[in-house]
Amino acid sequence: MSGSKVKIVLRGFLSLLKTSRKFSIGFTIVAIMVILSIIGLVKTPYHLEGWGIVTEEAIKRQGLAPCLPFNCPSINHIFGTDDMGRDLLSRILVGAHLALIQTVTVVIISITLGILMGVAAGYSNTFIEKISTYIVELFIIIPSMVLAAAFITIIGRGMQSVLMALILTWSPWYGRLTYILVRQIRELDFIKICEAMGFSKTYIVFKHILPNVAPIIFVEGITDSSSVLIEIASINFLIGVASLTSIDLPDWGMIVGYGIRYVRTFWWISFFPGLFIALTAFGLMLLGDGLSETSSPWLKRRWRLWF
Amino acid sequence: MVLDSMAVRARNLWVGYEEANRILWALNGINIDVPKGVAFCIVGESGSGKSTFGNAIAGLLPPYAITKGCLEVYNINVINGDRVNYSNIRGNIVVRIPQNPIAALNPYLKIESIFFDVLKQRFKIASKDKALEIALKSIRAVGLPDDVLNRYPHQLSGGMSQRVAIALTIAINPEIVIADEPTSNLDAYLKGATLNLLKNIVSVGKTLIVITHDIVFASALCSFIAVMFMGNIVEVGRTEEVLSNPLHLYTKELIDAANLNFRDFKYINNKPEVTLEKCAYAYRCPHYSEKCNRKPDLRYINKTHGVACWNL
Amino acid sequence: MFSLNYIIKRAATAIAIVLGILVLTYILIYLSPGNPAYTWAGRPRGPKAEEAIKIAEEELGLNKPLYLQLYTHINRFFRGDWGTSLRFKQPVMQVVIRNLIASLELLTIAFTIAIPLGIFLGVTSALYRGYLVDKVLYIASSLFISFPRFWIAIMLSVFLQTLGINLFGRIAPSYTLMIEGVTGSHIIDSVISGRIDILIDVLIRILPPAIVVALYPMALTIRVLRYSISEKLHEEYVKQAISFGLSRNKVVYRYALKGVIPTISQLHGITFAYSIIDAATVENIFGRDGIGSAIVKAIPYSDYPLIIGLLAVVGILFILINTIADVIQAASDPRVRI
Chain A
1 MSGSKVKIVL RGFLSLLKTS RKFSIGFTIV AIMVILSIIG LVKTPYHLEG
51 WGIVTEEAIK RQGLAPCLPF NCPSINHIFG TDDMGRDLLS RILVGAHLAL
101 IQTVTVVIIS ITLGILMGVA AGYSNTFIEK ISTYIVELFI IIPSMVLAAA
151 FITIIGRGMQ SVLMALILTW SPWYGRLTYI LVRQIRELDF IKICEAMGFS
201 KTYIVFKHIL PNVAPIIFVE GITDSSSVLI EIASINFLIG VASLTSIDLP
251 DWGMIVGYGI RYVRTFWWIS FFPGLFIALT AFGLMLLGDG LSETSSPWLK
301 RRWRLWF
Chain B
1001 MVLDSMAVRA RNLWVGYEEA NRILWALNGI NIDVPKGVAF CIVGESGSGK
1051 STFGNAIAGL LPPYAITKGC LEVYNINVIN GDRVNYSNIR GNIVVRIPQN
1101 PIAALNPYLK IESIFFDVLK QRFKIASKDK ALEIALKSIR AVGLPDDVLN
1151 RYPHQLSGGM SQRVAIALTI AINPEIVIAD EPTSNLDAYL KGATLNLLKN
1201 IVSVGKTLIV ITHDIVFASA LCSFIAVMFM GNIVEVGRTE EVLSNPLHLY
1251 TKELIDAANL NFRDFKYINN KPEVTLEKCA YAYRCPHYSE KCNRKPDLRY
1301 INKTHGVACW NL
Chain C
2001 MFSLNYIIKR AATAIAIVLG ILVLTYILIY LSPGNPAYTW AGRPRGPKAE
2051 EAIKIAEEEL GLNKPLYLQL YTHINRFFRG DWGTSLRFKQ PVMQVVIRNL
2101 IASLELLTIA FTIAIPLGIF LGVTSALYRG YLVDKVLYIA SSLFISFPRF
2151 WIAIMLSVFL QTLGINLFGR IAPSYTLMIE GVTGSHIIDS VISGRIDILI
2201 DVLIRILPPA IVVALYPMAL TIRVLRYSIS EKLHEEYVKQ AISFGLSRNK
2251 VVYRYALKGV IPTISQLHGI TFAYSIIDAA TVENIFGRDG IGSAIVKAIP
2301 YSDYPLIIGL LAVVGILFIL INTIADVIQA ASDPRVRI
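The listed protein sequences derive, respectively, from chains A, B and C. Residue 307, in the numbering used here, is where the first sequence stops; the numbers in between run on with no holes. Residue 1312, in the numbering used here, is where the second sequence stops; the numbers in between run on with no holes. Residue 2338, in the numbering used here, is where the third sequence stops; the numbers in between run on with no holes.
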């Protein structure tokens, strides 16, 4: 991208920040989460392992008292500790980066695949179109949760199964959206002129169709990212519930899931990660809403029943 | 005008629309009386405020409209300052015939269902047979076949929908009928048919207010005519008088344009902001002078013919 | 209205997709990385592993040519033999149907709460736009969409527990033996048996999870209606109806709302599929049986037959719901002529 284009985008972004309250609040929340995730990657208050074993090395390494399991929220451990004595705040900080990376990966890959599918379906001959629409419909119907469970059984537990299941379920969603958009654009005159002039299909796709389709899908993706985050968290929640041993990976959903067996007494294990999921999803939703509101004019007037 | 019973009386009526940071006034202090039982035309170009006036009488002002002044319909005060109360007149005393008839009928209901709704509301008719009777009468009065009742609006052509709208109006039997640009979507033959239907409405004693930009149609149908420009009424009177002896320069321009008689046709941009104090026509009036900086009132040179200009 | 052709066309598409689901399950079983028999047998370890794998191989018929495998696979599914659940030691079909009915109960109750309430609140929000009601509803609906429902369910269950109300499970333990499981749905069964006290107990227990599951469809309905009814109220035919003097209720419900029904039905076809994730998590929190608990129990045991069975059944269910939603959408708009 040339320098002037970057400036235009930046200026648009800053003006959006100033005018739309939703956008600015959402952006702030997401930015805070990103900062937290960076902190989580670099340095956490406590090392993730704090197995409750008092060793000289542990004291020397951290200079603090070793963590005991099931501490309530206190000054030493702001969010308490979990069943293995690990500090929950540190786990949440590391989990922040997991949550963001997972969501962003799913959304970006789904959008890319979806746009590819949609353009291929919408701008090719009938045969490819029929096949693509069929596959799209098929995969939208498949429930992501059960598919994730299937992948876990085949591939084993890990982020890949969940991510793959979600990508397979969300790409057709964007595929369908792109397909509808491409079909509409295809009927417009300026495309027909290009075709009549003999431009190659690839050229038309990249120069004319994609720039019209991509922004819409992109905004839709940001709005959907909140739902994607919750879906990932829900599936990981179930994995957490199904876990027989304490989980190492500090994914927010898993911590909540694993923590419900203690929820009557040690409620903080499930509460705080859930709170962070809620806040992040809320921020993402505000972000997406603020962005999409500017593209459709909104009647901001107050009015009551006027008849 | 000093006739006894007026259908519509407007006193210093201002109607504006609230925008982002200002108010756009569509009507700037209208003073007019519409007598009962006549066909009254309001002509003007787009943006002159004639539709807003029609909506104000019919009770269809949007919720972000701001009002000042006073408007009385059949002696019922509907607009008083910024308070607006149309509860007694919509569907009772005033009904509007739409400009775009296909879009104006509920696409999810059959025509007869629309009739039932309307009749139940107006006459509290509960039995379907009586309502069907009245509906059939109205449909036949506009010259449509009976089976129209069984159809959906999208199955009718433009002209048929227009006639259905008029049939609905006849069924309601209001005192005032407002026709909002009744001919802009119709071809010449349908214009003639609509003309006859509207004449019938007047002949039974109803007041008809026609809002149009088509002076030819207005002259054929109406007995009174009012010319509006930028939210002000610049001339009003009997049609023969106004058209044979136009006093205001704008009326003269309109008639010339209608006759396709362009002598000095200039392309002019209307500037709405400057017209609250001055005469609205001032910026393109060749007789502009000092006194035109104050807005002229409507002054009557005889019982019915009034003009808003200092020079007459 | 619309002709029978349309229904037939939609049904044909639905059947094609059902076949597609079955082919997909085939791919997941037979073409999974690693030894399919190993996965099918539940990744066994230990002394009896080899036996288990051999039995699985027989069951799957791995030595036959490809097309025959596909044919046998689809045939088996239609006959109802979906293998045996490793964890429950019962035919998969039985386990799946049992859990499916429990989840469907929850989802149905949730949607019967969500849809009418959502429509009413959404219309109110559109009519009083910009006023306090609208602002409150907008914030509330945004919260319910973006907060994870399982987290809300956790807080609700803890709250109820601190109040001393114990509402776990689908039915009080003492009642379990008293009703005949005719349909497997406790609500219907208790009505059939004529035991109203059991019915009340079951309904009370289903209420908190149903409310939580209902939050997402309700919030989405409110947001969509807020936007589309405002749009509709500015359309010509609504203005004309107002000019005819029709009462406010009539104009709003018969004129504006009728136009919005297609959108709503399509929306809920999609939200039903999304809500099953919420339902699955909430079931676990409130200790109910259902698809969620089935998955949770299946994963530690690597109970692959059960998971595949769930996939097929839930997929078929969604196709059914979507087809019905599409048919409603087409039926409610007279302008659609197929």
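By construction, the Cβ of each residue, glycine as well, lies at the ideal position given by its N, Cα and C atoms.
Listed along chain B are Gly-1091, Asp-1117, Val-1118 and Gln-1121, each with a C-beta nearer than 8 angstroms to that of Leu-2246(C). Contact between Thr-2221(C) and Ile-2154(C) is ruled out by a C-beta separation of about 24 angstroms, above the 8 angstroms threshold. Comparing alpha carbon positions, the residue from Ala-1010(B), Pro-1107(B), Ile-1111(B) and Asn-1232(B) closest to Leu-1168(B) is Ile-1111(B).
Contact between the region 1205-1215 of chain B and the region 1033-1040 of chain B is present, with at least three C-beta pairs closer than 8 angstroms.
Membership of Met-1228(B) in the beta strand (DSSP E) is indicated by the continuous run 1224-1229. Restricting attention to Leu-1186(B), Gly-1047(B) and Ala-1135(B), the CA atom closest to the CA of Gly-1159(B) is found in Leu-1186(B). Residue environment analysis places Asn-2099(C) among the buried positions, since at least 16 neighbouring C-beta atoms fall within 10 angstroms of its C-beta. When Cβ pairs closer than 8 angstroms are counted between the two stretches, the region 2307-2314 of chain C is seen not to touch the region 1126-1133 of chain B, the count staying below three. Rounded to the nearest angstrom, the Cβ distance from Gln-2240(C) to Gln-2329(C) is 25 angstroms, too far for a contact under 8 angstroms.
Chain C places a beta carbon closer than 9 angstroms to that of Val-256(A), counting this residue as a contact. The DSSP-derived three-state label of Val-34(A) is helix.
A distance below 9 angstroms separates the beta carbons of Val-136(A) and Met-117(A).
At the C-beta level, Ala-2273(C) and Val-2096(C) stay beyond 9 angstroms of one another. In this structure Leu-2028(C) is not in contact with Tyr-2301(C), their Cβ atoms being roughly 17 angstroms apart against a cut-off of 8 angstroms. Assignment of beta-bridge partners to Asn-2099(C) by DSSP yields no partner.
Counting the other Cβ atoms within 10 Å of the Cβ of Phe-2150(C) gives 16 or more, which makes it buried. At least one CB of chain C lies nearer than 9 angstroms to the CB of Pro-1098(B). Listed along chain B, the residues sitting closer than 7 angstroms to Glu-2236(C) by beta-carbon distance are Pro-1098, Asn-1100, Ala-1103 and Ala-1104.
For the C-beta of Val-1095(B), the chain C residues within less than 7 angstroms are, from N- to C-terminus, Ser-2243 and Phe-2244. Under the Cβ criterion of 9 angstroms, Arg-2254(C) is counted among the residues facing chain B.
Cys-1279(B) sits in coil when the DSSP states are folded into three classes, being neither helix nor strand. Leu-181(A) places its beta carbon less than 9 angstroms from that of Ile-217(A).
Residue range 1207-1212 is occupied by the beta strand (DSSP E) that includes Ile-1211(B).
DSSP places Gly-1016(B) inside the beta strand (DSSP E), whose first and last residues are 1006-1018. Gln-1099(B) is classed as buried because its beta carbon has at least 16 other beta carbons within 10 Å across all chains shown. Residues Val-107 and Ile-111 of the same chain have their beta carbon placed closer than 6 angstroms to that of Gly-221(A), with the five preceding and five following residues left out of the count. Between Ile-2152(C) and the set Leu-286(A), Leu-279(A) and Phe-23(A), the nearest pair of CA atoms involves Leu-279(A). Fewer than three Cβ pairs drawn from the region 141-158 of chain A and the region 195-209 of chain A lie within less than 8 angstroms of each other, which leaves the two stretches out of contact. Taken in chain order, the unbroken stretches of alpha helix (DSSP H) that lie wholly in the region 250-275 of chain A and span 4 residues or more are 252-259. In this chain, Thr-1304(B) is not harboured by any alpha helix (DSSP H), its DSSP state being neither H nor E. Judged by beta-carbon spacing, Phe-1123(B) lies beyond the 9 angstroms limit of Ala-1135(B), meaning their Cβ atoms are not closer than that value. Counting only runs that start and end inside the region 2242-2309 of chain C, the alpha helix (DSSP H) elements of at least 4 residues fall at 2261-2285 and 2291-2301. The beta-carbon distance between Ser-2146(C) and Tyr-2138(C), rounded to whole angstroms, is 13 angstroms. This is too long to meet the 8 angstroms contact definition. Using beta-carbon distances, Leu-1109(B) counts as an interface residue toward chain C, with a partner under 9 angstroms.
Considered as a whole, the region 170-240 of chain A harbours 189-197 and 201-204 as its complete alpha helix (DSSP H) runs of no fewer than 4 residues, in chain order.
At a cut-off of 9 angstroms between beta carbons, Asp-2303(C) contacts chain A.
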